[in-house]
Structure formats: C-alpha cells, structure tokens
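Numbering (my numbering), first residue to last: 1289 to 1448.
Pasting the structure below:
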C-alpha cells in the first residue's frame, strides 16, 4: 500500500510528470502526486464557482442516498446503480484552467480520447471518508483527483 504522503516526499512539486513515476519505486503504476497543483487564489475562485452550483446528496436528488454533498458534470453517475445514468453535456467553464494545466503538465494528452468528459465533486466533512472501491475503467478511464480546501490522506492499493 502507498499513501500520497509517502509519494509526496519523493516528488518535486512543480516538475512532476508521468515520466518521473519510475524513479519513485511506487507499487501502483501510473500513480503520481503534484503538490500545489493550483494556487491559493485559483483554489479560492474554484471553491466560489463550485459553491454557486447546486449540490445533490444528503437527501437531495439525483443521489439523495449519499451522506455527503456531490456535484456531477458531463455525466451523472448513480451511486445506487453504480453506473452512468445521464449525459449532462459539457463540463463547466470554471474547470477549463484545470484541464489546460492537465495538458501542460502532460497528465493528459490534448486528444479526444483523453480529454476529460466527466467531473464529480465531493464534499467531505470532518470524520467522513470514502469506502474502499475500484473505479470502473469502462466509465472512469483515467482518474484525476484534485483535493482542495483541506489536507487529506488517501490510501491506494493494488487490485488483487
């Protein structure tokens, strides 16, 4: 098992790309960390944009069963049925700077197959967590996690 904190001590924050992964001896292929991926100002603006949008979860459809607030863009994912249930259209423009940075940092290629088409925003309160799971590669091809507004520890493990 590897934690982001372990990877953090091995990575250079501003020059990280997938090609640096081999030097980490990380047990999970393709896993890497970029510290301070966005500035404090960008984080503030992103949070303000997110907070202007509607949330679901905590009894609010389309995912009322969730015990946390969520926002879905591009496609709506049903946690109850564990599948995409609706096309919601294009991603919001407030995510454009992130996508541009993903391309600049070579996290994704500027080709249609790698261009982000879905974004799920989760709000976790103190003491909340996420159950161990494996994201479906058919739905979630390449996953990118951008944590804002908090310090976080995530444990990743190889699929057995």
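Think of the CB as a built atom: it goes at the ideal place given N, C-alpha and C, for glycine as much as any other residue.
query: Within the chosen definition, does the segment 1408-1422 reach the segment 1351-1364 through at least 3 CB pairs nearer than 8 angstroms?
result: yes
- prompt: What's the gap between the Cα of residue 1434 and the Cα of residue 1338?
  reply: 13 angstroms
task: Grab me the residues of residue 1398's own chain with a C-beta within less than 6 angstroms of its C-beta, minus the 5 sequence neighbours each way, in chain order.
output: 1391
- request: Determine which residues share a DSSP beta bridge with residue 1374 and list them.
  value: 1364
query: Quick one, are the C-beta atoms of residue 1446 and residue 1331 less than 9 angstroms apart?
result: no
- request: Have a look at residue 1382 and residue 1396 and give me their C-alpha separation to the nearest angstrom.
  value: 18 angstroms
message: Closest to residue 1526 by C-alpha separation, out of 1432, 1374 and 1416, would be which residue?
response: Only positions 1289 to 1448 of the chain appear in the structure, and residue 1526 is not among them; the question remains open.
field: residue 1441 versus residue 1400 - alpha carbon distance
entry: 32 angstroms
Reduced DSSP secondary structure (H/G/I, E/B, other) of residue 1356: coil
- request: Find out if the Cβ-Cβ distance for the pair residue 1316, residue 1444 is shorter than 9 angstroms.
  value: yes
Residue 1410 - DSSP class collapsed to helix/strand/coil: strand
task: Kindly indicate which three-state DSSP category residue 1387 falls into: helix, strand or coil?
output: helix
task: Output the boundary residues of the alpha helix (DSSP H) element that contains residue 1431.
output: Segment: none, residue 1431 is in no alpha helix (DSSP H) and carries neither H nor E.
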